[in-house]
Amino acid sequence: MPINCQQNKKSIGIHQAQSMYFQNKKKPISEKITVLNGIDVLLEKKRHFIQSRKIALVTNHSGVDKNSIPNYKRLMEIDDVELKVIFSPEHGLFGESEAGEKINYTDIEKLPKVISLYGGTRKPSAKMLEGVNLIIYDIQDIGARFYTYISTLGLVMETGAELGIPILVLDRPNPIRGDIIQGPILDLAYKSFVGHYPIPTRYGGTVGELAIEILKNKWIASLPEL
Numbered sequence: 017m018p019i020n021c022q023q024n025k026k027s028i029g030i031h032q033a034q035s036m037y038f039q040n041k042k043k044p045i046s047e048k049i050t051v052l053n054g055i056d057v058l059l060e061k062k063r064h065f066i067q068s069r070k071i072a073l074v075t076n077h078s079g080v081d082k083n084s085i086p087n088y089k090r091l092m093e094i095d096d097v098e099l100k101v102i103f104s105p106e107h108g109l110f111g112e113s114e115a116g117e118k119i120n121y122t123d124i125e126k127l128p129k130v131i132s133l134y135g136g137t138r139k140p141s142a143k144m145l146e147g148v149n150l151i152i153y154d155i156q157d158i159g160a161r162f163y164t165y166i167s168t169l170g171l172v173m174e175t176g177a178e179l180g181i182p183i184l185v186l187d188r189p190n191p192i193r194g195d196i197i198q199g200p201i202l203d204l205a206y207k208s209f210v211g212h213y214p215i216p217t218r219y220g221g222t223v224g225e226l227a228i229e230i231l232k233n234k235w236i237a238s239l240p241e242l
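Residue 226 in the working numbering sits at position 210 of the sequence shown, and the numbers go up by one each step.
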């Protein structure tokens, strides 16, 4: 169907006017928001929690500050803090191991003792925590039940409750969003290291929020306050 010239000119005029409108319209200023991970909040605003503490750190290669400096390096720089031991989860401290691969560490240069919680044991013992008076957990997660990092979190919390050692969970944002919950809740008849708590497959939270749920639902004994 041929286009009427008069209608075409009118249409062009409308589009030109709209174009000028959007060119001249002031664009809303996007407010810049800085999100700090738990390690940054701890070091910049809550350092009193770790003053004069002897610390066991549960972490891996994801445990870095806003400048990508590993958390253990930041802690070792603090004069009145002693980092006594580092515990690593599945895949190792540096993410160097395949899924399911058992890990055992010998001495690592310039680091305190490193113990794998995916080797001979999956739960810290009293001997491993000798002299420790604070446990810090700092591992990135994605809010999925089958990630073994949260099973490690639960077992570490159990040990803290049993030995009376407080635990500090340094939170990190959930990269696949925290407002969507999907999948069935785990039947505890099928409890395993890839499904440790009665939560949905995609539980829609962070490790910090999960730690609160673990305590609130009394899935472990209560932990001492900091």
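Ideal Cβ placement from N, Cα and C applies to all residues, glycine included.
| query | result |
| --- | --- |
| Once you ignore the five residues that flank L99 on each side, which residues in its own chain have a CB closer than 7 Å to its CB? | I71, L73, Y88, L91, M92 and P128 |
| State buried or exposed for Q156, treating a residue as buried only when at least 16 other CB atoms are found within 10 Å of its CB. | buried |
| By the three-class DSSP mapping on this structure, what secondary structure does D154 have? | strand |
| Run through DSSP, which three-state label would R69 get? | coil |
| May I ask you to report which of helix, strand or coil DSSP gives V80? | strand |
| Which residues share a DSSP beta bridge with T75? | D154 |
| Spatial neighbours of T168 within its chain, please: CB distance less than 6 Å, with the 5 preceding and 5 following residues excluded, ordered by chain position. | P105 and L133 |
| What's the call for I192, buried or exposed, on a 16-neighbour Cβ count within 10 Å? | exposed |
| Using a Cβ-Cβ cutoff of less than 8 Å, which residues in the same chain neighbour A115 once the five nearest sequence positions on both sides are dropped? | E106 and H107 |
| Distance check for L59 and I119, CA to CA, integer angstroms please. | 30 Å |
| Tell me the rounded alpha-carbon separation between K232 and S68. | 29 Å |
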